[in-house]
Amino acid sequence: MKVTVVGAGNVGATCANVIAHKELANEVVLLDIKEGFAEGKALDIWETAPINLYDSRVTGSTNDYERTRGSEVVVITSGLPRKPGMSRDDLIATNAGIVKSVTEQVVKYSPNAKIIIVSNPLDVMSYAAYLTAKVDSRRVFGMAGVLDTARYRAFLATELNVSPKDIQAVLMGGHGDTMVPLPRYTTVAGIPVTELIAEDKLNAIIERTKKGGGEIVNLLGTSAWYAPGAAAAQMVEAVVRDQKRIFPSCAWLQGEYGLKDIYLGVPTKLGKNGIEEIIELKLNEQEKEALYTSANSVKEVMDVLDNMGVMTA
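Numbering (our numbering), first residue to last: 53 to 365.
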């Protein structure tokens, strides 16, 4: 069993580290375009094996996709962060080109791989990978909801002073300010969260969740990596161990929730085949309205990519 992580930056290296520690694969390949970078990160991770007692062999490679051949799962974290003076469209064009190039190599050497996208803007990069891969959409999906839900649950655990292990939550929509946390589907050890917390405090936590990534950037001056890396690794685990876990994933919708031809965060069942089921919840009118608002925001960005011609170049 082989798992590849493309992009050896903070998120990719953290993801590879968690995958190795959990022994999710015999071999974990970390790949990056920067000379020696992935090799150094991989060696550092591998040198923790005698300390943390795991057998997963971690290796690094500078842009040699031959080393990734036959991967069961490939996590793509490649892409540039938005820099001062860079427009949204510039970021989309740059990162779509990167994701397209990476996906082409991934499919060439691992035609049966499940591909998990972490690159931003997440929803549209999942779309870019799907257009490039030309495989069943169930094998190309994005990691956003697992991270956003984790932040939501962590904030609730802090406010309620309870274990985060006991909190279950559903979150839908795009990865950003228009995401849709669903308090009606949020529980603490089976107890509806609305019975345990005042409405104003819950609403404040929801707003904090929507801006969770920005909060980290404001504190660190860079984006988060521990939680995103661990979230991607959790999705890898669900696939390689065929766990049938229910996770919010950025999935290609074809009529579900009344939405078509869009990548959007929805509850999914993850197993050995990738997305094995898209779960349709019965949303009330307020929840539907929030979901459609989020979908419209994501579709606008997808349309920007379509009009650029990057994917057909």
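The C-beta atom is built at its ideal place from N, Cα and C for all residues, glycine as well.
| Asked | Found |
| --- | --- |
| Strictly by DSSP, which residues pair up with I128? | V58, I169 |
| Determine the direct distance from the alpha carbon of V245 to that of A209, and round the result to whole angstroms. | 11 Å |
| Do F299 and L322 have their C-beta atoms closer together than 7 Å? | yes |
| Hey, could you find the ends of the beta strand (DSSP E) Q295 is sitting in? | Note, Q295: premise wrong, no beta strand (DSSP E); not H, not E. |
| Considering only their Cβ atoms, is the gap separating A181 from V151 smaller than 7 Å? | yes |
| Would you kindly work out how many angstroms separate the C-alpha atoms of D96 and N348, rounded to a whole number? | 43 Å |
| From L248 to L212, what distance separates their C-alpha atoms? | 8 Å |
| Less than 8 Å between the CB atoms is what I'm expecting for N147 and N172, so what's the real figure, rounded? | 7 Å |
| Could you check the C-alpha separation between V58 and V110 for me, to the nearest Å? | 13 Å |
| For L234, collect the residues of the same chain with a Cβ closer than 7 Å to its Cβ; drop the 5 residues on either side in sequence, then sort them by chain order. | V222, L223, M224, E339 |
| Tell me whether R140 sits in a helix, a strand or coil according to DSSP, three-state version. | helix |
| Would you identify the three-state DSSP class for K312, choosing helix, strand or coil? | strand |
| Taking the alpha-carbon of I268 as reference, which of N336, L199, A165 has the nearest alpha-carbon? | L199 |
| Leaving out the 5 sequence neighbours to the left and right, which residues in its chain are closer than 7 Å to K84 when beta-carbon positions are compared? | First, the amino acid is wrong: residue 84 is Asp here, not Lys. Cβ within range, chain order: G59, A60, A90, T114. |
| Does the distance from the CB of T417 to the CB of V63 come in under 7 Å? | For the chain, the structure presents residues 53 to 365; residue 417 sits outside this window and is missing. |
| Using a Cβ distance threshold of 8 Å, determine whether the segment 277-293 contacts the segment 62-80, with at least three qualifying pairs required. | yes |
| With respect to the alpha helix (DSSP H) encompassing S178, which residues constitute its N-terminal and C-terminal limits? | 174-185 |
| Please return the same chain residues whose Cβ sits closer than 7 Å to the Cβ of L343, not counting the five positions on each side in sequence. | M224, G225, V232, Y309, L335 |
| Suppose you measure from the CA of E341 to the CA of P319; what does that come to, to the nearest Å? | 17 Å |
| What residue range does the alpha helix (DSSP H) around V269 cover? | 264-272 |
| From D229 to A196, what distance separates their C-alpha atoms? | 12 Å |
| What do you reckon, is the C-beta of P173 under 6 Å from a heavy atom of the ligand GTP? | Here there are no bound small molecules, and the ligand GTP is not part of this structure. |
| Where I257 and A285 are concerned, what is the direct C-alpha to C-alpha distance, given to the nearest angstrom? | 25 Å |
| Is it buried or exposed, K312, if we count other Cβ atoms within 10 angstroms and call 16 or more buried? | exposed |
| Under 7 Å between the Cβ atoms of H227 and L174? | yes |
| Starting from I97, follow the alpha helix (DSSP H) in both directions and report where the run begins and ends. | 89-98 |
| Alpha carbon to alpha carbon, what distance is there between I169 and G361? | 21 Å |
| Whose CA, out of R140, R236, A202, Y179, lies closest to the CA of E251? | R236 |
| Just to confirm, is the Cβ distance from Y204 to Q157 under 7 Å? | no |
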